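Worksheet: the structure to be examined is printed underneath.
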Amino acid sequence: MQELSRVEIDSKRTTAASIAIVSIVVYLAMVHLKSILMPLAIAILLYFIIKPPEQIIYNKVKNRTISYGTVLLTVILSVYLISIFVYQNLSDFIDDIPEITAAFEEKREKLANSNLYGLETVFSDSDALDKVASPSNVETFVIAILGSLGGFLGTMSTVVIFLLFIILEEHTIAQRFNAAFPNSYGRAKKIVNESTESITAYVVSKVTCSAGQAIVMTIIISPIGFDIPGWFLFGILCFLLDFIPILGALFATIPPVLIGFIMLEPISAVLMLGLLIANQQVFGSFIEPNLSGAKIGISPFVLLLTVMLFAQVWGIAGAIIGVPIIIIVRLILDENESSRPLAMMMSNIVEEE
């Protein structure tokens, strides 16, 4: 019994050491091979995303070229049209910056000369306030986010090349893997199927909730609601940044809230803030969990660490694609008896036997 316990302990230590070494190697590879690994990761995730609609089209037309061509063309045209709208609305927002700046200075001077029980000194220091909430900082923030997303889209040519090769070899890869590792083929096929199911559920829930939240936010800050300059641009940013778990929706809300407190009366600004918070809570706390269900199954703390790590290594693109990658990693770890405890630690809910 003692010898058996020692063997089990040694096996767990060996597994832990192996996982630690692999993690370090993967991290170093992500840093130094970013130009190769990031497009490859995006291509693999895109393959998981486009496979379900491609299969639906294929079942009707019975032609892989037409089915894949239809899906890829739709994606490319959608990205192109969105980029045109984003550029146009960014230009309009930049044109509105002088008006927002004038309103900012007017409100700052008004508050600095008011009796706010000592808080007026905060508004008296124009330099300190400019560093926190000036319209130029909002403009810089928006341009930086769009610049990062533009860099992300700039890798799409490499992504498309990887994706085409994955599509061309999707059947032969399975055959080669089965021939090389016949004992592991069933397990690998299960991981691929579960990954496809989980990522599809994640993407569908994310797209639905991001679009819904962005539409409601756009209506709130549009001329129909509180008429915030750059309202359509902020709606687009809300949709894009909401793909970053936990932090994305918050970052998307900050710019319109700052401009709202500059351009609106205090009561209207507070009301707008309350509506935006309610919008986030409804979609983030109720609708999205019900749509995705238990398919994602990742702890919020692990999600936060994943977002921070991938954002540090690959920027905004890493923060967006990090969640699907960690879903696949958890499924792989769960298939191995020795690494299953790590998968359980990463999970949001663990069923007790």
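Residue 389 is where the sequence shown ends in our numbering, and the numbering goes up by one at each step. For glycine and all other residues, C-beta sits at the position ideal for the given N, C-alpha and C. Bear in mind that the values here come from a model prediction, so they are computed numbers and not experimental data.
Just to confirm before moving on: does the CB-CB distance between Ile92 and Ile235 stay below 8 Å?
The answer is no: Cβ separation not under 8 Å.
Helix, strand or coil, according to DSSP, for Ser246 in the structure here?
Under the three-state reduction of DSSP output, Ser246 falls in the helix class.
Excluding the 5 residues preceding and the 5 following Ile67 in the sequence, name in chain order all residues of the same chain whose CB lies nearer than 7 Å to its CB.
The sequence given here has Val at residue 67, not Ile. Cβ neighbours of Val67 beyond the five flanking positions: Val349.
Contact set for Val338: own chain, Cβ-Cβ below 6 Å, skip 5 residues either direction:
Taken in chain order, the residues that qualify are Met382.
Looking only at its chain, what residues have a beta carbon closer than 7 Å to the beta carbon of Ala355, apart from the 5 residues adjacent to it on each side?
Result list for Ala355: Ile280, Val343, Phe346 and Ala347, in chain order.
Where Ile310 and Thr232 are concerned, what is the direct C-alpha to C-alpha distance, given to the nearest angstrom?
Per the sequence presented here, residue 310 reads as Gly, with Ile not at that position. Cα to Cα, the separation comes out at about 37 Å.
Give me the Cβ distance between Met299 and Ile136, rounded to the nearest whole Å; I'm assuming they're in contact under 8 Å.
Sure, about 7 Å apart at Cβ, within 8 Å.
The segment 253 to 262 contacting the segment 285 to 303, beta-carbon criterion three pairs below 8 Å
Yes, they touch.
Ignore the nearest five residues each way along the sequence and tell me which others in Leu81's own chain have a CB closer than 8 Å to its CB.
So the list reads Ile235, Ile357, Pro360 and Ile361, once near-sequence residues are dropped.
Residues that DSSP places opposite Ser241 in a beta bridge:
BP columns for Ser241 are empty, so no partner.
Tell me which same chain residues have a C-beta within less than 8 Å of the C-beta of Ala139, skipping the five on either side of it?
Take Ala139, set aside five residues on each side of it, and the residues of its chain with a beta-carbon closer than 8 Å to its own are Ile298 and Met299, in chain order.
Taking the alpha carbon of Ser103 as the reference point, which residue from Ile179, Ser59 and Lys87 has its own alpha carbon closest?
The candidate whose alpha carbon is nearest that of Ser103 is Lys87.
Inter-stretch contact at 8 Å, needing at least 3 Cβ pairs: the segment 95 to 109 / the segment 222 to 232:
No, because fewer than three Cβ pairs between the segment 95 to 109 and the segment 222 to 232 fall closer than 8 Å, the two stretches do not touch.
Spatial neighbours of Phe268 in its chain, beta-carbon cut-off 6 Å, leaving aside the 5 residues before and after
Taking Phe268 as the centre and dropping the five residues before and after it, the same chain places the C-beta of Asn125 closer than 6 Å to its C-beta, in chain order.
Quick one: what does DSSP say Leu312 is sitting in, helix, strand or coil?
In the three-state DSSP reduction, Leu312 falls in the helix class (H, G or I).
Under 8 Å by Cβ, that's how I've got Glu175 and Cys245 pegged, so tell me the actual separation to the nearest angstrom.
Actually they do not touch by this definition, with Cβ atoms about 28 Å apart.
Expressed to the nearest angstrom, what Euclidean distance is found between the alpha-carbon atoms of Asp263 and Thr191?
Computed Cα separation, rounded: 36 Å.
For Phe275, count the other beta carbons within 10 Å of its own beta carbon; 16 or more makes it buried, fewer makes it exposed. Which is it?
Burial state of Phe275 is buried, judged by a 10 Å Cβ sphere holding 16 or more other Cβ atoms.
Quick check on His207: buried or exposed, where buried means 16 or more other Cβ atoms within 10 Å of its Cβ?
By the 16-neighbour rule on beta-carbons within 10 angstroms, His207 is exposed.
Got a sec, what are the start and stop residues for the alpha helix (DSSP H) Val338 sits in?
That run of the alpha helix (DSSP H) goes Pro336 to Asp370.
Taking the DSSP output, what are the residues bridged to Ser383?
Answer by DSSP bridge pairing, in chain order: Ile334.
Closest to Leu199 by C-alpha separation, out of Gln316, Leu340, Asp278 and Ile72, would be which residue?
The residue from Gln316, Leu340, Asp278 and Ile72 with its alpha-carbon nearest to that of Leu199 is Ile72.
When we look at the beta-carbon of Ile313 and count the other beta-carbons within 10 Å, is it buried (16 or more) or exposed?
That one is exposed.
Ile227 vs Glu371 beta-carbon contact at 8 Å:
Yes, the pair counts as a contact, with Cβ atoms nearer than the cut-off.
Work out the CA separation of Ser335 and Ile60 for me, nearest whole Å.
Cα to Cα, the separation comes out at about 22 Å.
Looking only at C-alpha atoms, which of Thr194, Leu378 and Ala237 sits nearest to Pro89?
Answer by Cα proximity: Ala237.
Whose CA, out of Ser321, Val252, Ile197 and Asn229, lies closest to the CA of Met74?
It is Ile197 whose Cα lies nearest to the Cα of Met74.
In the DSSP assignment, find the unbroken alpha helix (DSSP H) run with Glu90 in it and report its ends.
Here the alpha helix (DSSP H) through Glu90 covers Lys70 to Val97.
Identify, in the order they occur along the chain, each residue of the same chain with its Cβ nearer than 6 Å to the Cβ of Asn252, setting aside the five sequence neighbours on each side.
Reading off the sequence, residue 252 comes out as Val, not Asn. Its chain contains Asn315 as the residues whose beta carbon lies nearer than 6 Å to that of Val252, once the 5 sequence neighbours on both sides are disregarded; these appear in chain order.
Rounded to whole angstroms, what's the CA-CA distance from Tyr83 to Ser304? Just pull it up for me.
Roughly 46 Å between the two C-alpha positions.
Just the C-alpha distance for Met380 and Gly248, rounded to the nearest angstrom, thanks.
Across the structure, Met380 and Gly248 are spaced so that their CA atoms are roughly 32 Å apart.
Indicate the three-state DSSP secondary structure (helix, strand or coil) for Leu40 in the structure shown.
In this predicted model, Leu40 has a pLDDT of only 48, less than 50, meaning its place in the structure is not dependable; the value taken from the coordinates is given anyway. Reduced to three states, the DSSP call for Leu40 is helix.
Suppose you measure from the CA of Val195 to the CA of Ile368; what does that come to, to the nearest Å?
About 24 Å.
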